[in-house]
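Residue numbering for the sequence shown follows UniProt numbering, beginning at 1 and increasing consecutively.
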Amino acid sequence: MSLMLPSRFAKLKSIAPKILAVSSRSKYYVVNPQKTQDELSWQDIRERAVTSLFFQELIRGLGVTLSYYFREPATINYPFEKGPLSPRFRGEHALRRYPSGEERCIACKLCEAICPAQAITIEAEERSDGSRRTTRYDIDMTKCIYCGFCQEACPVDAIVEGPNFEFSTETHEEMLYNKEKLLNNGDKWESEIASNLHADHLYR
Numbered sequence: 001m002s003l004m005l006p007s008r009f010a011k012l013k014s015i016a017p018k019i020l021a022v023s024s025r026s027k028y029y030v031v032n033p034q035k036t037q038d039e040l041s042w043q044d045i046r047e048r049a050v051t052s053l054f055f056q057e058l059i060r061g062l063g064v065t066l067s068y069y070f071r072e073p074a075t076i077n078y079p080f081e082k083g084p085l086s087p088r089f090r091g092e093h094a095l096r097r098y099p100s101g102e103e104r105c106i107a108c109k110l111c112e113a114i115c116p117a118q119a120i121t122i123e124a125e126e127r128s129d130g131s132r133r134t135t136r137y138d139i140d141m142t143k144c145i146y147c148g149f150c151q152e153a154c155p156v157d158a159i160v161e162g163p164n165f166e167f168s169t170e171t172h173e174e175m176l177y178n179k180e181k182l183l184n185n186g187d188k189w190e191s192e193i194a195s196n197l198h199a200d201h202l203y204r
């Protein structure tokens, strides 16, 4: 029940006197005053009876529900159906190789330095040709926050976050990825990773 100042609703009272009533405090008008049982007309009683007997609110609600039955569903039957993923999706980590088979990582350790969770551990050595390559590349996936900083920092697109998001495990040890595991991920998802990087290259 709302209380309104009379100065603002003087015209409204003259136009629609039935919806305004003077309250016990003479300074205010009551909008849509509640009727007592004695003030109910036969029309009011009939409307209430129809609403109660024929379940109008229930029927309206069922109508809304049934209307959605014939619309295209907004959900999918996962895991048998899977929705589209953005090229920028950040999933399971992977180390990539060049088409020749040589690993891309140059052991610059920028990913290790930029990782806010300190989840990456790298050890490297110099080869006979003067290049540096990793002897150890570990990621503690239980620490990773999937921020994508490692991928952004890498100058050769070696470490990436691939499209795979189904890699739940039963033990903690299985979430400790070594270099071999990461390279296997890269070999497995290379086509999808390359496609995603190409789709997003204009914005990187």
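Built from N, CA and C at the ideal position, the CB exists for glycine as well.
Exercise. What are the partner residues of V160, as DSSP defines its beta bridges?
Worked result: Within the sequence shown, the letter at position 160 stands for residue 160. For V160, which the question treats as bridged, DSSP gives the partners A94.
For this session: Could you check if A16 is buried or exposed, using at least 16 other CB atoms within 10 Å of its CB as the buried criterion?
Result: Within the sequence shown, numbered from 1, the residue matching residue 16 stands at position 16. With a pLDDT of 48 at A16, under the threshold of 50, the predicted position of this residue should be treated as unreliable, and no value is reported.
Exercise. Bridge partners of L176, per DSSP?
Worked result: Translated into the one-based positions of the sequence shown, residue 176 becomes position 176. DSSP, once it has assigned bridges, lists D140 as partnering L176.
For this session: Note down, in chain order, each residue of its chain lying with its Cβ closer than 6 Å to the Cβ of I145, except the 5 sequence neighbours on either side.
Result: By one-based count along the sequence shown, residue 145 stands at place 145. When the five nearest sequence neighbours on each side are left out, the beta carbons in the same chain lying within less than 6 Å of the beta carbon of I145 are those of A117, in order along the chain.
For this session: Sort K188, V156, K181 by Cα distance to R204 and report the nearest one.
Result: Against the sequence shown, residue 204 aligns to sequence position 204. Comparing Cα positions, the closest option is V156.
Exercise. Is I114 closer than 8 Å to I139 when the C-beta atoms are compared?
Worked result: The sequence position of residue 139 within the sequence shown is 139, counting from 1. The sequence position of residue 114 within the sequence shown is 114, counting from 1. No. Outside cutoff.
Problem set entry | Same chain, Cβ closer than 7 Å to P84, neighbours up to 5 away in sequence not counted | Counted from its first residue, the sequence shown places residue 84 at position 84. Its chain contains no residue whose beta carbon lies nearer than 7 Å to that of P84 once the 5 sequence neighbours on both sides are disregarded.
Exercise. Counting along the chain, where does the alpha helix (DSSP H) carrying residue 207 start and finish?
Worked result: Beyond the ends of the chain as shown, which are 1 and 204, falls residue 207; an answer cannot be given.
For this session: Please go through the same chain and pick out, in chain order, the residues whose beta-carbon is closer than 7 Å to the beta-carbon of G148, but skip the five residues on each side of it.
Result: Here residue 148 corresponds to residue number 148 of the sequence shown, with the count starting at 1. Hits under 7 Å: R90, E161.
Exercise. Leaving out five residues before and five after T135 in sequence, what residues of the same chain have Cβ atoms less than 7 Å from its Cβ?
Worked result: In the sequence shown, residue 135 corresponds to position 135, counting from 1. Here the set comprises E123, A124, E125.
For this session: Determine the DSSP secondary structure at T121, reduced to helix, strand or coil.
Result: Stepping through the sequence shown from its first residue, residue 121 is reached at position 121. T121 falls in the strand class under three-state DSSP.
For this session: Please determine if the stretch 177 to 188 and the stretch 69 to 80 are in contact, where contact requires at least 3 C-beta pairs separated by less than 8 Å.
Result: Inter-segment contact for the stretch 177 to 188 and the stretch 69 to 80 is absent: fewer than three beta-carbon pairs are separated by less than 8 Å.
Exercise. Quick one: is W189 buried, meaning 16 or more other Cβ sit within 10 Å of its Cβ, or exposed?
Worked result: The residue you call residue 189 lines up with position 189 of the sequence shown. With 16 or more Cβ atoms within 10 Å of its Cβ, W189 is classed as buried.
For this session: Per DSSP, which residues does E102 bridge with? Please list them.
Result: The residue given as residue 102 occupies position 102 in the sequence shown. Note: E102 sits in no beta bridge, so no partner.
Problem set entry | Beta-carbon proximity check, R104 vs A158, cutoff 8 Å | On the sequence shown, position 104 is the one that residue 104 refers to. On the sequence shown, position 158 is the one that residue 158 refers to. Yes, Cβ-Cβ distance for R104 and A158 is below 8 Å.
Exercise. Is the beta carbon of R88 sitting closer than 8 Å to the one on G186?
Worked result: The sequence position of residue 88 within the sequence shown is 88, counting from 1. The sequence position of residue 186 within the sequence shown is 186, counting from 1. No, the Cβ-Cβ distance between R88 and G186 is not below 8 Å.
Exercise. Which one of R60, S52, P99 has the shortest CA to CA distance from A194?
Worked result: On the sequence shown, position 194 is the one that residue 194 refers to. Closest option to A194, Cα to Cα, is P99.
For this session: Compute the beta-carbon to beta-carbon distance between residue 222 and R132, rounded to the nearest angstrom, for a pair I have assumed lies under 8 Å.
Result: In this structure the chain extends from 1 to 204, so residue 222 is not present and cannot be described.
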